[in-house]
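Engineer: In our numbering, the protein residues as written are 3 to 718.
We put the beta carbon where it would ideally sit given N, CA and C, even for glycine.
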Ligand code: SF4
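1) Got a sec: does the ligand SF4 put a non-hydrogen atom nearer than 7 Å to the Cβ of residue 192?
2) Are there three or more Cβ pairs, one per stretch, closer than 8 Å when the stretch 298-305 is compared with the stretch 313-333?
3) How would you call residue 250, buried or exposed, if buried means at least 16 neighbouring beta carbons within 10 angstroms?
4) Cα separation between residue 344 and residue 321?
5) Does the ligand SF4 have a heavy atom nearer than 7 Å to the CB of residue 609?
6) How far does the alpha helix (DSSP H) with residue 160 in it reach, from first residue to last?
7) Is the CB-CB distance between residue 481 and residue 185 below 8 Å?
8) Any idea what DSSP makes of residue 307, helix, strand or coil?
9) Where residue 675 and residue 711 are concerned, what is the direct C-alpha to C-alpha distance, given to the nearest angstrom?
10) Identify, in the order they occur along the chain, each residue of the same chain with its Cβ nearer than 7 Å to the Cβ of residue 233, setting aside the five sequence neighbours on each side.
11) Closer than 7 Å to a non-hydrogen atom of the ligand SF4 - does that hold for the CB of residue 444?
12) Determine which residues share a DSSP beta bridge with residue 340 and list them.
13) How many Å lie between residue 306 and residue 341 at the Cα?
14) By Cβ distance below 6 Å, which residues in the same chain neighbour residue 515 in space, the five residues on each side in sequence not counted?
15) Grab me the residues of residue 101's own chain with a C-beta within less than 7 Å of its C-beta, minus the 5 sequence neighbours each way, in chain order.
16) Could you tell me the distance, in whole angstroms, from the CA atom of residue 694 to the CA atom of residue 384?
17) Just to confirm my understanding: we take residue 163, look at its own chain, exclude 5 residues before and 5 after, and list those with CB closer than 7 Å. What are they?
18) Here's the rule: buried if 16 or more other CB atoms are within 10 angstroms of the residue's CB, otherwise exposed. What is residue 587?
19) Counting only runs that start and end within the stretch 120-206, where is the beta strand (DSSP E) found for 3 or more residues in a row?
20) Just mark residue 281 as buried or exposed, buried being the case when its beta carbon has 16 or more other beta carbons within 10 Å.
21) Could you check which residue in 474, 392, 370 has the C-alpha nearest to that of residue 172?
22) Does the stretch 505-520 come within contact of the stretch 119-134, defined as at least 3 CB pairs closer than 8 Å?
23) Locate the alpha helix (DSSP H) running through residue 673, then write down its first and last residues.
24) So is residue 501 buried or exposed if we call it buried at 16+ other beta carbons inside 10 Å?
25) Leaving out five residues on either side along the sequence, give the residues of the same chain with a beta carbon under 6 Å from the beta carbon of residue 435.
26) Would residue 595 and residue 601 qualify as a contact pair, given that the criterion is a beta-carbon distance under 8 Å?
27) Would you identify the three-state DSSP class for residue 240, choosing helix, strand or coil?
28) For the alpha helix (DSSP H) holding residue 271, just list the boundary residues, first then last.
29) For residue 372, report the span of its alpha helix (DSSP H) as first-last.
30) Assuming the contact rule is C-beta atoms closer than 8 Å, residue 86 and residue 457 should be a hit. Round their C-beta distance to whole Å, please.
31) What did DSSP end up calling residue 581 once you bin it into helix, strand or coil?
32) Going straight from the alpha carbon of residue 722 to that of residue 707, what length do you get?
33) If we call anything under 8 Å between Cβ atoms a contact, is residue 142 one with residue 360?
34) Rounded to whole angstroms, what is the Cα-Cα separation between residue 111 and residue 449?
35) Per DSSP, residue 368 is paired with what?
36) What is the rounded straight-line gap between the Cα of residue 550 and the Cα of residue 639?
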């Protein structure tokens, strides 16, 4: 039997290793889907250090999604009310290049925006940065990671002087206390949770604290579940900090030698005594005391969070509040400890490394730093001043740019903003106003395709070669092992071709993804995300590898280190090498409940589905697991409203309405309701969670508060 292809699951930031074999294996019946199409065999890769052979239902069923509803040929139309017509690549690319030139001439280059995806491989991200930020000279490149983890990026940067989660998955099996806040890890990062759960079950003295307004599967496994009111995360963290300070459970030597700003932070947490915090958070004071006690008695505390913290109008402050507690207790830079942000998308980390947000440049550089811009201009052989010093438009700012007419061309790739953006009716209205939208995607139909003038078919995972970095900074090569359907091309090749047609031939003289990655890693040398020692060849031969991985060190030496952590030398990336305490007071929700809209709606993901269902909606087993969307309501609220399970409920916010069947359950906190975010207009009628959400964002990270808005419930 042929050796399996080793690759990475392309769904989530856990980054599980997969092994893939062709549909026909000698001695084994061919696996087929319902319509008889032979399916590739997919299983967990036991040699992948991150996942050790485990996979969840998404990874296990991925083969079924690869051939269905594929966009095969470029298509175009002049107006959104016209049908698409098939065109050649030549026609489509000519149209795009002409339009770029026209918009640049009539409105200026900052009237062009690109909105892309953490589904990109690093090579796609890198070439897009070179095209947009380098050659075109606009920083208007943003990714759906803006909606996912940009608060973690801002929090790490402000506290440590650089982005990058300092922890690794081995910490899951070396901690004394796991503190999970704003993450339903069991459903959304299932293999991370499986690793911890195995260890937790074997070690009864290890504590698991889960902070979540819902009693999720994650919370059900906790030693302590804190069902706080939505928006009170900072209060909780400062309440814990207040108690640790009162008890003297501090690491004074660490604070003294390795941090700045503790005295000012002490003044802030003075205002968060346990009785006040317990009332604000809606928990018992004893629960707060227990959480602080678990934290203080653990030698190693590992906190983890994801969208429940990041998707907030004070997301960066929340991240820094978590980090503050780690700093005051010295819980960082050692096994089993540290503040660990779990990324959502499979390559959101690679996107950060390649500069894939509108304020970043490749290699953890910033567009506002003149030295960084100069380094890139020299490296890319572009004239001085080519890169703009202005941060580009963020995801939501591109929507408002369409509203005002300031954006004359939108280029969307591998993401579905017609479902995933906040305030979705406003988003759709803005998309309808776009003078010219290019959409490159591997599936058709999707909700976003309704708003495109040009559709470009792309290859997806399995049909192209590139790398992805998972949450623990581990880079895995994903080789091509299938033939792409129709005329699909990889995202980086499309960007490079447009670049060449715009006159940048030497900047885009690449034939293979390996060459693109080789150029990119040179830009990471001596940067915090140094992966200059990596290459496609190295990753193919040696397997998935964590950064930092410098070309200066002997590769064999580096490989010996089994699990890499950042800051083990307690030197941070700030000018004086010290980490910084934040001193921000909690503000709460941007849109708190009131008499007219008395409930807080929180949104989230389910175990089997991925984001807007472009893949998982096409997999029979997963569709059967979740046939319909729903709304969770606490029995006390349901009784007052006369609602029973399966009754239809109309949910209204200040922006829109949606209807869901009720699921009456004590799993949700009273006065809070929960709706999954996976259903767009393609999959269910009038059941879009984002019809209700608002766009108010964290001022630092510009990440919208998708997790909470005020709603009213009307029994139908
Ligand atoms: Fe894929 Fe994430 Fe599931 Fe792992 S946990 S198999 S990366 S979806």
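Structural biologist: Let's see:
1) Locating residue 192 in the chain shown gives position 190, where the first residue counts as 1. Checking the Cβ of residue 192 against the ligand SF4 gives yes.
2) yes
3) As a position in the chain shown, residue 250 is number 248, starting the count at 1. Label assigned to residue 250: exposed.
4) Start at 1 with the first residue of the chain shown, and residue 344 comes out as number 342. Start at 1 with the first residue of the chain shown, and residue 321 comes out as number 319. Cα to Cα, the separation comes out at about 12 Å.
5) Against the chain shown, residue 609 aligns to sequence position 607. No, the ligand SF4 has no heavy atom inside 7 Å of this Cβ.
6) Here residue 160 corresponds to residue number 158 of the chain shown, with the count starting at 1. Where residue 160 is concerned, the enclosing alpha helix (DSSP H) stretches over 152-162.
7) Sequence index remark: in the chain shown, residue 481 carries index 479 (1-based). Sequence index remark: in the chain shown, residue 185 carries index 183 (1-based). The answer is no: Cβ separation not under 8 Å.
8) Here residue 307 is taken as the residue at index 305 of the chain shown, counted from 1. The answer is strand: DSSP assigns residue 307 an E or B state.
9) Position 673 of the chain shown, counted from the first residue, corresponds to residue 675. Position 709 of the chain shown, counted from the first residue, corresponds to residue 711. Cα-Cα distance, rounded: 10 Å.
10) Here residue 233 refers to the residue found at position 231 of the chain shown. 590, 591, 710, listed in sequence order.
11) Within the chain shown, numbered from 1, the residue matching residue 444 stands at position 442. Checking every heavy atom of the ligand SF4 against the Cβ of residue 444, none is found closer than 7 Å.
12) Sequence index remark: in the chain shown, residue 340 carries index 338 (1-based). 304.
13) Against the chain shown, residue 306 aligns to sequence position 304. Against the chain shown, residue 341 aligns to sequence position 339. Approximately 6 Å, taken between the alpha carbons.
14) Indexing the chain shown from 1 puts residue 515 at position 513. Cβ within range, chain order: 125, 467, 468.
15) Along the chain shown, read from residue 1 onward, the residue named residue 101 stands at position 99. 411, 438.
16) If you number the chain shown from 1, residue 694 lands on position 692. If you number the chain shown from 1, residue 384 lands on position 382. Whole-angstrom Cα-Cα distance: 45 Å.
17) The residue given as residue 163 occupies position 161 in the chain shown. Correct list, in chain order: 574, 575, 576.
18) To locate residue 587, count along the chain shown from 1; it is residue 585. Its Cβ having fewer than 16 others within 10 Å, residue 587 is exposed.
19) 143-145, 179-183
20) Locating residue 281 in the chain shown gives position 279, counting from the first residue. Flag for residue 281 reads exposed.
21) The count along the chain shown starts at 1 and reaches residue 172 at position 170. For the residues 474, 392, 370, the minimum Cα distance to residue 172 belongs to 474.
22) yes
23) For the purposes of this step, residue 673 is taken as residue 671 along the chain shown, with counting starting at 1. Neither: residue 673 is in no alpha helix (DSSP H) and is coded neither H nor E.
24) The residue labelled residue 501 in the question sits at position 499 within the chain shown. It counts as buried.
25) For this step, residue 435 is matched to residue 433 along the chain shown. If we look at residue 435 and ignore the five residues flanking it on each side, its Cβ neighbours are 404.
26) Position 593 of the chain shown, counting from 1, holds the residue named residue 595. Position 599 of the chain shown, counting from 1, holds the residue named residue 601. Yes, the pair counts as a contact, with Cβ atoms nearer than the cut-off.
27) In the chain shown, counting from the first residue as 1, residue 240 sits at position 238. Helix, per DSSP.
28) Taking the chain shown and counting its residues from 1, one reaches residue 271 at position 269. That run of the alpha helix (DSSP H) goes 264-271.
29) Translated into positions along the chain shown, residue 372 becomes position 370. Unbroken alpha helix (DSSP H) run through residue 372: 372-381.
30) Residue numbering aside, residue 86 sits at position 84 when the chain shown is read from its first letter. Residue numbering aside, residue 457 sits at position 455 when the chain shown is read from its first letter. Rounded, the Cβ-Cβ distance is 6 Å, consistent with contact.
31) Indexing the chain shown from 1 puts residue 581 at position 579. Looking at residue 581 - three-state DSSP - the assignment turns out to be strand.
32) No answer is possible for residue 722: the residues shown for the chain start at 3 and end at 718.
33) Here residue 142 refers to the residue found at position 140 when the chain shown is read from its first residue. Here residue 360 refers to the residue found at position 358 when the chain shown is read from its first residue. The answer is yes: Cβ separation under 8 Å.
34) The residue given as residue 111 occupies position 109 in the chain shown. The residue given as residue 449 occupies position 447 in the chain shown. Between residue 111 and residue 449, the C-alpha separation is close to 28 Å.
35) Here residue 368 refers to the residue found at position 366 of the chain shown. In the DSSP output, where bridge partners are listed per residue, residue 368 has 362.
36) On the chain shown, position 548 is the one that residue 550 refers to. On the chain shown, position 637 is the one that residue 639 refers to. The alpha-carbon atoms of residue 550 and residue 639 are separated by roughly 51 Å.
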